[in-house]
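So for the sequence shown, numbering that gives the first Met the number 0 puts the first residue at 0; every next one is plus one. Notes follow the structure.
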Amino acid sequence: MNNLLKLALSFLFLVHSLFASAVETADTIFHNGTIITINDTQPEAEAIAIRDGKIIAVGKRAEVFKTASSDTQKVDLAGKTMLPGFFDSHGHAWMIGFQSLTANLLPPPDGNGKDMASLIKLLQDWAAANQKAVKQLGWIVGFGYDNSQLAEQRHPTRRDLDKVSTDIPSLIVHQSGHLGVANSKALEIAGVSPDTENPDGGVFQREADGKTPSGVAEEYAFFQLIGAFGKSLNKDVNDLFAVEGTKLLASFGYTTAQEGRATQASLDALKRVAENGALKIDVVVYPDILEVADIHPEREYRHRLRVGGAKLTIDGSPQGKTAWLTKPYFKPPPGQDKDYRGYAAITDQQAMDAVAKAYAHDWQIIVHTNGDAAIDLLIKAVKAAEAKYPKVQNRPVMIHGQTLRRDQVDEIKALGIFPSLFPMHTFYWGDYHRESVLGPERAENISPTGWVLEQNMMFGTHHDAPVALPDSMRVLSATVTRRTRSGKILGAKHRVPVATALKAMTLWPAWQHFEEDRKGSIEVGKLADLTVLSENPLTVPEEQLDDLKVQETYKEGVLVYRRGEQSAAAPSPAMFGLTLRDSVDRHKSARENNHLHGDGCFNDALGLMLQALEQASPDSH
């Protein structure tokens, strides 16, 4: 009997040992907070455990703590809320870095660029705080002024910027990215004089004599000024832009970023910083299909970087009145007749060929389309490509889709086109859309998330930074409330529940990028990409969503950002003393984490700006 008892006990001990050894030991356990998983089968959890950068347990505290050992780090969330790391549905990581290191000229509440005097002071303060950068670059640079929000209701001129400096060239970029202003020294360096003719597709505005350049330059004339500035850049500065862009994204809770229209220069910069180990969050790159010769998409990251596919741009923006519409603008821009509908940025054949090229190579293609006529062309191109290559499953993406019609929703669903929408327009430009761009009826339906949900479609929401600061909480707030600057609700039928809006920032963009099996929700086996918020977005009043703050960001279990501390994402830039993140944090008005507003066709201007910088950079020759 004793032998049988001993045998039984030995067997039980063996079984216990086997089960114990089967339980993975956690490196880290997060607990004592609300954990929103974005997993419909287990919406919330009390704790999660992580090992080797992946989630190994999700659930009740007692169960998760069974994975603990004496070496396990236990992180007390102290009542805060944890979610999956945000997945950037569309943005421009490299250009975010460029913007983040220049003077913040935004109007209130995002900055203090409210009149000419304040613009001059902001530039002077930035130059004083960034003397090393000014000395190395030889330029003073600002970003984000908005003439429509200035007290004087005009653009600054060279004479205004000469008050900042007459010896150092100065250049400021309009919030749309489609024009800018140079001081007299910058005009001299760029070779712009009274004898300079306007380039094709651009205008140098003139003073009263009709000859002397005022300093304001539009479109391709502006890119000539950008090219002059670009001569001061080198590989080190380009690389710094890449690093700083991802740092800023991490500070808003993004663990996967997108470079949504890469040139060869920005792609090369991202590759260099990735190989040097300077990327602490993942970046998916989409080179311009019409500009970059060698595009080699891959599904796996190399040092946190991968090429996801290609980018195509069909039109401009509605608020810039360059989006390609099927019906006239509510109020046409100066110089255009009442039938003006905007225009395409490329020919129909270019669009058809580009989409066909992507399908022929089995590349994912993301396509900028704001106007409904541009969306019609996208639909036509995808239909033709799918008929020719029926076995390709590349998840094409519609970027922006501001004026997506109800009938077009049915068509993009049938074609499998994923809509990446831009609901932040409702806040920043909603009033303007209603009063000037589209009129009351069409404005109600910009970024029509309600129609998309009626068709049971997934969608992504984006910031399109640097058009807007990559403020995740503003993205969330605008998607849920659709409240304009003036406080009006724009298209109540398109308001989205918070839980759904969170999916559009996490799980659904992960699907968009073919990463739903490893990102987008807090589930066993997925990467421990995590964001910690100050409060629970599911329980705070909807009008307070944009007041929530990202407290911490973790990439595969490693802290890459903590509020109030220097970001762990990368070293602070040696040349720059005051970054946009500092400026935003310091400019505390009614809301602390506000962001830029801008022209949704900025990525068109962005591509041209990048090309100008690339061609002018001394390292590019």
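Just so it is clear, CB atoms sit at the ideal spot from N, CA and C, and this is done for glycine as well. Note that the structure is predicted; figures quoted are calculated from it, not measured.
Which one of the options has the shortest CA to CA distance from residue i?
i      : options                           : result
Thr71  : Thr24, Phe251 and Met94           : Thr24
Asn535 : Val497, Ala372 and Arg484         : Val497
Ala344 : Met94, Ala322, Val539 and Arg158  : Ala322
His91  : Thr262, Lys525, Ala77 and Ile411  : Thr262
His399 : Ala373, Lys382, Ala413 and Pro389 : Ala373
Asp166 : Gln174, Leu186 and Gln454         : Leu186
Leu437 : Thr325, Arg482 and Leu247         : Thr325
Leu376 : Ala386, Val391, Met397 and Asn233 : Met397
Pro465 : Gln174, Asp159 and Gly319         : Gln174
Glu443 : Gln407, Ile488, Gly78 and Asn369  : Ile488
Asp430 : Leu247, Arg484, Ile416 and Lys162 : Arg484
His89  : Glu453, Glu290 and Leu248         : Leu248
Met81  : Lys234, Leu501, Ile34 and Pro333  : Ile34
Gln348 : Gln335, Lys379, Ser69 and Gln318  : Lys379
Trp450 : Leu420, Phe222 and Lys246         : Leu420
Asn103 : Leu122, His462 and Arg404         : Leu122
Gly244 : Ala277, Ile225 and Glu217         : Ala277
Arg50  : Glu522, Val559, Ser435 and Gln318 : Glu522
Thr425 : Ile288, Gly486 and Asn393         : Gly486
Hey, is residue i close to the ligand MG, as in C-beta under 8 angstroms from one of its heavy atoms?
i      : result
Trp323 : This structure simply doesn't include the ligand MG, nor any ligand for that matter.
Count the other CB atoms, across all protein chains shown, that sit within 10 Å of the CB of residue i; report buried if there are 16 or more and exposed otherwise.
i      : result
Ser147 : exposed
Arg433 : buried
Thr538 : exposed
Arg494 : buried
Gly137 : exposed
Gly441 : Here the sequence assigns Arg to residue 441, which means Gly is not the residue at that position. By the 10 Å Cβ count, Arg441 comes out buried.
Ser582 : With a pLDDT of 47 at Ser582, under the threshold of 50, the predicted position of this residue should be treated as unreliable, and no value is reported.
Glu564 : exposed
Thr101 : buried
Ala467 : buried
Thr40  : exposed
Thr346 : exposed
If you drop the 5 nearest sequence neighbours on each side, which residues of the same chain put their C-beta closer than 8 angstroms to that of residue i?
i      : result
Ala67  : Thr24, Ala25, Ile28, Ala48 and Lys73
Lys113 : Pro106, Pro107, Gln148, Leu149 and Ala150
Pro540 : none
Ala383 : Met351, Val354 and Ala355
Ala589 : Low confidence applies here, because Ala589 scores a pLDDT of 35, under 50, leaving its location unreliable; read the following figure in that light. Only Pro108 meet the Cβ criterion.
Tyr621 : No answer is possible for residue 621: the residues shown for the chain start at 0 and end at 620.
Leu118 : Leu104, Gly112, Gly141, Tyr144, Leu149, Pro155, Asp159 and Ile171
Can you give me the Cβ contacts of residue i inside the same chain, cut-off strictly under 7 angstroms, excluding the 5 residues immediately before and after it?
i      : result
Val215 : His154, Thr156, Leu178, Val180 and Gln204
Gly52  : Leu526, Ala527, Glu555 and Gly556
Ser520 : Thr36, Ile37, Asn38, Pro83, Thr505 and Leu506
Lys79  : Gly32, Val531, Leu532, Ser533 and Gln550
Ala381 : Note that residue 381 is Val in the sequence shown here, rather than Ala. Within the same chain, Val381 has close Cβ partners Val354, Pro395, Leu414 and Ile416.
Tyr388 : Tyr358 and Ala359
Thr448 : Leu420, Pro422, Phe458, Thr478, His493 and Val495
Gly644 : Absent from the model: residue 644. The displayed extent of the chain is 0 to 620, so no value can be given.
Glu515 : Leu506 and Ala509
Ile188 : Pro168 and Ala227
Leaving out five residues before and five after residue i in sequence, what residues of the same chain have Cβ atoms less than 6 angstroms from its Cβ?
i      : result
Pro439 : Arg433
Glu206 : Ser213
His302 : Ala273 and Glu274
Arg562 : Gln550
Pro422 : Ser446, Thr460, Ala477 and Thr478
Glu45  : Lys59 and Arg60
Phe621 : Residue 621 is absent from the structure shown; the chain starts at 0 and stops at 620.
Asp159 : Met115
Ala56  : Ala48, Val63 and Thr66
Ala292 : none
Met456 : Lys412
Gly370 : Asp314, Ala322, Trp323, Leu324, Gly341 and Thr402
Phe228 : Trp138 and Leu170
Tyr553 : Leu529
Complete runs of the alpha helix (DSSP H) confined to the segment 491-528 [at least 4 residues]: 497-502 and 506-511
Just checking, does the segment 233-250 make contact with the segment 262-271 on the three C-beta pairs under 8 angstroms criterion? Enough Cβ pairs lie closer than 8 angstroms, so yes.
Do the segment 547-560 and the segment 463-474 make contact, defined as three or more Cβ pairs closer than 8 angstroms? Below 8 angstroms, enough C-beta pairs join the segment 547-560 and the segment 463-474 to call them touching: three or more.
contact_flag[the segment 51-70, the segment 28-41] where n(CB pairs < 8 angstroms) is 3 or more: yes
So, do the segment 255-265 and the segment 192-203 have three or more beta carbon pairs nearer to each other than 8 angstroms? no
Could you tell me whether the segment 305-313 touches the segment 363-373, where touching means 3 or more Cβ pairs closer than 8 angstroms? yes
Let me know the alpha helix (DSSP H) ranges lying completely inside the segment 74-148, each 4 residues or longer, listed in chain order. 92-99, 115-128 and 130-136
Quick one: complete beta strand (DSSP E) runs, 3+ long, within the segment 42-76? 43-50, 53-58 and 72-75
Along the chain, which unbroken stretches of the beta strand (DSSP E) at least 3 residues long are found entirely within the segment 294-339? 304-306 and 308-312
With a floor of 4 residues, list each alpha helix (DSSP H) that falls wholly inside the segment 405-487, ordered by position along the chain. You should have 405-414, 424-427, 438-442, 448-453 and 471-480.
Whole alpha helix (DSSP H) runs in the segment 232-270 with 4 or more residues, listed along the chain? 234-250
Secondary structure, beta strand (DSSP E): runs of 3+ residues fully inside the segment 159-235: 169-173, 178-181, 201-205 and 212-217
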